[in-house]
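Protein chains in written order, with this note's numbering: chain A, 3 to 418; chain B, 47 to 272.
Glycine included, C-beta positions come from ideal geometry on N, C-alpha and C.
The model shown is predicted, which means the values in this text are computed figures rather than measured ones.
Read through the structure below, which is laid out as structure tokens, and then see the notes.
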Amino acid sequence: MAEIYSIFLYSSLFLALFFEVFLLITYLEVREEIKLEDLMLAKGPKSFPSVTVIVPCFNEGETVVATVKSILNLSYPKGKLFVTIVDDGSTDNTWRVINKFKHHPQVKLLRKENEGSKHTAVNLALLDVTTDLVGCLDADSFVTPEALRKIVPYFDDETVMAVTPSIKIHEPKGVLQYIQKTEYSWSIFLRRMLSSLGALYVTPGPFSIFRTRVFRELGNYKHAHFTEDMEMAMRMQKNHYRIVNSHSAHVYTVAPNKLKALVKQRVRWSYGFLNNAIDYRAVFFNKKYGHFGMFIMPIATLSAVTSLAMVSRVLVNLASNLWHSLVRFQAVGFSGKFSMPSFDWYFLNTGVMPIVTITALALTILILFFSIRMAEGKFKFSKGLFYYLFLYAFLTPLWLVQSIFKTIFRRQISWR
Amino acid sequence: MVDSKKYLIAFLITAAIFGTAVLASSVLTEKKVEDVRAIENRVALDILSSETQFALLAETSCTDIGPGFLSQELGPLGEKLSYAENQSGFSEEDVDSLKRSYFLLEIKDYLLMKRLTEKCNIKPTFILYFYSTEDKCDDCERMGYVLTALRDKYPDLRVYSFDYYFDVGAIKTLTSIYKVKGELPAIIVNGLPYYGFKSVEELETQIPALKLLKTATGTASTTPAR
Numbered sequence: 003m004a005e006i007y008s009i010f011l012y013s014s015l016f017l018a019l020f021f022e023v024f025l026l027i028t029y030l031e032v033r034e035e036i037k038l039e040d041l042m043l044a045k046g047p048k049s050f051p052s053v054t055v056i057v058p059c060f061n062e063g064e065t066v067v068a069t070v071k072s073i074l075n076l077s078y079p080k081g082k083l084f085v086t087i088v089d090d091g092s093t094d095n096t097w098r099v100i101n102k103f104k105h106h107p108q109v110k111l112l113r114k115e116n117e118g119s120k121h122t123a124v125n126l127a128l129l130d131v132t133t134d135l136v137g138c139l140d141a142d143s144f145v146t147p148e149a150l151r152k153i154v155p156y157f158d159d160e161t162v163m164a165v166t167p168s169i170k171i172h173e174p175k176g177v178l179q180y181i182q183k184t185e186y187s188w189s190i191f192l193r194r195m196l197s198s199l200g201a202l203y204v205t206p207g208p209f210s211i212f213r214t215r216v217f218r219e220l221g222n223y224k225h226a227h228f229t230e231d232m233e234m235a236m237r238m239q240k241n242h243y244r245i246v247n248s249h250s251a252h253v254y255t256v257a258p259n260k261l262k263a264l265v266k267q268r269v270r271w272s273y274g275f276l277n278n279a280i281d282y283r284a285v286f287f288n289k290k291y292g293h294f295g296m297f298i299m300p301i302a303t304l305s306a307v308t309s310l311a312m313v314s315r316v317l318v319n320l321a322s323n324l325w326h327s328l329v330r331f332q333a334v335g336f337s338g339k340f341s342m343p344s345f346d347w348y349f350l351n352t353g354v355m356p357i358v359t360i361t362a363l364a365l366t367i368l369i370l371f372f373s374i375r376m377a378e379g380k381f382k383f384s385k386g387l388f389y390y391l392f393l394y395a396f397l398t399p400l401w402l403v404q405s406i407f408k409t410i411f412r413r414q415i416s417w418r
Numbered sequence: 047m048v049d050s051k052k053y054l055i056a057f058l059i060t061a062a063i064f065g066t067a068v069l070a071s072s073v074l075t076e077k078k079v080e081d082v083r084a085i086e087n088r089v090a091l092d093i094l095s096s097e098t099q100f101a102l103l104a105e106t107s108c109t110d111i112g113p114g115f116l117s118q119e120l121g122p123l124g125e126k127l128s129y130a131e132n133q134s135g136f137s138e139e140d141v142d143s144l145k146r147s148y149f150l151l152e153i154k155d156y157l158l159m160k161r162l163t164e165k166c167n168i169k170p171t172f173i174l175y176f177y178s179t180e181d182k183c184d185d186c187e188r189m190g191y192v193l194t195a196l197r198d199k200y201p202d203l204r205v206y207s208f209d210y211y212f213d214v215g216a217i218k219t220l221t222s223i224y225k226v227k228g229e230l231p232a233i234i235v236n237g238l239p240y241y242g243f244k245s246v247e248e249l250e251t252q253i254p255a256l257k258l259l260k261t262a263t264g265t266a267s268t269t270p271a272r
């Protein structure tokens with residue numbers, strides 16, 4: 003049994019390292035492409051297609067006004083930009099608050115009973131959309147004024163069906179939000195790489211913009227295990243509808259600042275990913291779907307289990323060290339504990355596993371360097387990076403265990 | 047289209063990293079084994095030197111024996127072996143071979159120490175310690191910490207530790223001489239076996255000669271009493 007676990011661990015480490023190497027090779031390949039994109043975006047859009055932004059909200063009275071204002075402040079022709087706010091049966095003051103936009107020429111208000119999932123609110127708004135492009139912005143997110151101008155030029159290419167933005171954390175405070183800030187920087191890098199590979203598997207709720215015909219041709223949002231944005235991306239990939247990422251289009255979202263809320267959000271995301279992946283298993287290892295089917299979907303699914311195996315190994319080692327320290331303390335107290343031992347390289351762990359782990363960690367830091375540079379414009383060492391490197395791995399089991407368990411035993415999750 | 051060349055390159059780089067890690071680990075582990083062997087050789091030489099010096103004792107006096115008479119490297123050697131035993135990189139064969147030599151060197155050193163204490167009328171300042179790595183012995187780990195702490199406190203104290211079930215005839219002879227039962231951990235102090243966990247304070251009481259040893263902080267005292 004120990005040998006099987008050991009083989010599994012080495013395989014997991016090999017896969018993790020392989021993925022990092024693959025990402026870095028992709029980065030080297032697309033650096034020029036990114037520079038050209040930046041030049042294209044600097045010129046601005048050639049045309050201004052009409053856009054509707056749907057803002058579904060459930061009890062978001064505190065943030066929805068800022069969200070809508072950020073859309074109305076977008077640097078985009080007023081006659082081409084429309085907002086549909088859908089009050090999804092809120093029980094707070096959301097409806098009263100959004101009524102301040104009742105007479106705004108660009109804003110339309112809708113109200114419906116809550117049906118337990120966001121997709122019904124977006125679908126209701128989609129029924130009346132007549133613009134060329136349509137997108138969604140969750141009521142806890144805000145767009146920067148240039149965001150739409152950094153997305154629209156991609157639609158000059160007729161084959162592009164959806165463009166995803168770069169999502170950042172709004173005014174991070176506290177350890178958890180700083181960890182997420184670095185994590186989101188990593189995601190910005192990852193999504194840009196997946197974009198070049200044609201393998202984006204999520205069109206995030208905050209400000210992914212679609213050609214409206216995508217919904218007319220492929221259908222509206224589905225329940226999709228509470229992750230309708232993942233399902234839509236997978237459905238598009240299955241139908242060979244191209245999704246790209248604009249790393250310069252920045253959207254800010256309010257991140258959970260409590261562990262319980264973070265775990266709940268991540269359980270929903272990872273459970274949603276696993277279950278949608280099962281629903282779209284036909285794309286796995288299918289050459290027709292390129293990198294998306296042959297590599298990204300399989301490795302993203304597998305990584306839920308392999309990362310758990312690797313973290314569990316670290317946790318077991320830590321627990322074992324803690325146990326031995328306790329036994330030692332029980333036997334001799336602090337005796338000898340504070341004497342500084344002379345350094346002897348002999349006592350460094352020079353096994354294969356530590357050497358490979360350190361190499362993988364070095365590659366992680368390198369990717370984080372590129373990620374932060376891409377997200378922030380320049381690399382700067384921050385406490386978020388420090389927290390991320392030392393704490394993030396220990397948080398992931400909190401949601402991975404739950405989502406894997408609930409997927410295997412077909413347990414349901416809840417949105418809130 | 048999938049660019050299979052990129053996958054191949056990524057695979058080769060990953061395999062190269064793994065291969066380098068395996069090679070580096072193997073070279074470094076081999077270096078550690080050599081390191082331990084070199085210490086064993088030095089200890090063997092130290093013992094030979096001490097035995098020779100001891101053989102000359104008839105013609106010299108006990109006062110000519112300095113504090114460095116016995117090898118000072120047995121303790122660190124034991125620590126390195128204990129570390130190697132718990133690391134996955136070392137081959138079982140290497141560790142077994144190193145342990146065998148180590149136990150034999152310990153016994154030789156112990157015999158020399160014993161003869162020295164008898165001849166020069168020194169109060170014994172050594173402990174024979176029997177532990178087990180085969181069966182579950184929680185107290186062995188605690189006892190190990192106590193003996194390490196004790197040796198840290200009294201650098202001149204000699205602790206000879208033996209794996210009770212290790213297949214070395216000399217260990218079996220030693221256990222039969224002192225009638226050590228398999229109730230581990232067991233220690234022999236002043237020729238008497240004690241079983242189970244003993245704290246630092248208990249051992250300090252059991253071995254009066256400890257009080258005469260120099261402590262690591264240098265608070266007491268003199269060279270071993272004659």
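Status (buried if at least 16 other CB within 10 Å, exposed otherwise) for residue i
i: L15 of chain A; result: buried
i: H106 of chain A; result: exposed
i: E230 of chain A; result: buried
i: M3 of chain A; result: exposed
i: N87 of chain B; result: exposed
i: F136 of chain B; result: buried
i: T161 of chain A; result: exposed
i: I280 of chain A; result: exposed
i: A123 of chain A; result: buried
i: A61 of chain B; result: exposed
i: W188 of chain A; result: buried
Listed by chain order, chain A residues near residue i by CB distance under 9 Å
i: Q133 of chain B; result: N351, T352, G353
Beta-carbon neighbours of residue i, restricted to chain B and to distances below 8 Å
i: R194 of chain A; result: In chain order: nothing, as chain B lies at least about 16 Å away.
i: Y348 of chain A; result: K78, D81, K126, Y129
Neighbour flag for residue i against chain A, beta carbons, 9 Å
i: L74 of chain B; result: yes
i: V192 of chain B; result: yes
i: D181 of chain B; result: no
i: F243 of chain B; result: yes
i: A84 of chain B; result: no
i: D184 of chain B; result: yes
i: V246 of chain B; result: yes
Interface flag, residue i vs chain B, CB-CB below 9 Å
i: V265 of chain A; result: no
i: A302 of chain A; result: no
i: T361 of chain A; result: yes
i: F345 of chain A; result: no
i: V109 of chain A; result: no
i: H326 of chain A; result: yes
i: E34 of chain A; result: no
i: L19 of chain A; result: yes
i: E5 of chain A; result: no
i: F286 of chain A; result: no
i: S191 of chain A; result: A small correction: the amino acid at residue 191 of chain A is Phe; Ser does not occupy that position in the sequence shown. Chain B contact via Cβ: absent.
i: F372 of chain A; result: no
i: E31 of chain A; result: yes
Closest Cα partner of residue i within the set the options
i: L25 of chain A; options: B:E187, B:A56, B:E76; result: B:A56
i: S198 of chain A; options: A:L11, A:T361, A:E233, A:I36; result: A:I36
i: C108 of chain B; options: B:R83, B:Q252, B:E164; result: B:E164
i: V192 of chain B; options: A:G335, A:I410, A:L402, A:D346; result: A:G335
Within chain A, partners of residue i - CB distance below 7 Å
i: E187 of chain B; result: V329
i: A232 of chain B; result: Ordered by position in chain A, no residue passes the 7 Å Cβ test against A232 of chain B, which lies about 16 Å from the chain.
Nearest-angstrom beta carbon gap, residue j and residue i [assumed within contact, 8 Å]
i: F294 of chain A; j: G200 of chain A; result: 6 Å
i: P239 of chain B; j: K218 of chain B; result: With a Cβ gap of about 15 Å, P239 of chain B and K218 of chain B do not count as contacting.
i: T171 of chain B; j: D209 of chain B; result: Incorrect: roughly 23 Å between the Cβ atoms, too far for contact.
i: T361 of chain A; j: A67 of chain B; result: 7 Å
i: L174 of chain B; j: I168 of chain B; result: That pair is no contact at about 17 Å.
i: S421 of chain A; j: V253 of chain A; result: This structure leaves residue 421 of chain A out entirely; chain A is present only between 3 and 418.
Neighbour flag for residue i against chain C, beta carbons, 9 Å
i: K160 of chain B; result: Absent here is chain C; the protein component of the structure consists of chains A and B.
Interface partners of residue i on chain B, CB under 7 Å
i: F16 of chain A; result: T60, F64
i: V23 of chain A; result: A56, I59, T60
i: I27 of chain A; result: K52, I55, A56
i: A333 of chain A; result: R188, Y191, V192
8 Å Cβ cut-off: residues of chain A touching residue i
i: A70 of chain B; result: T352, I357
i: A67 of chain B; result: V354, I357, V358, T361
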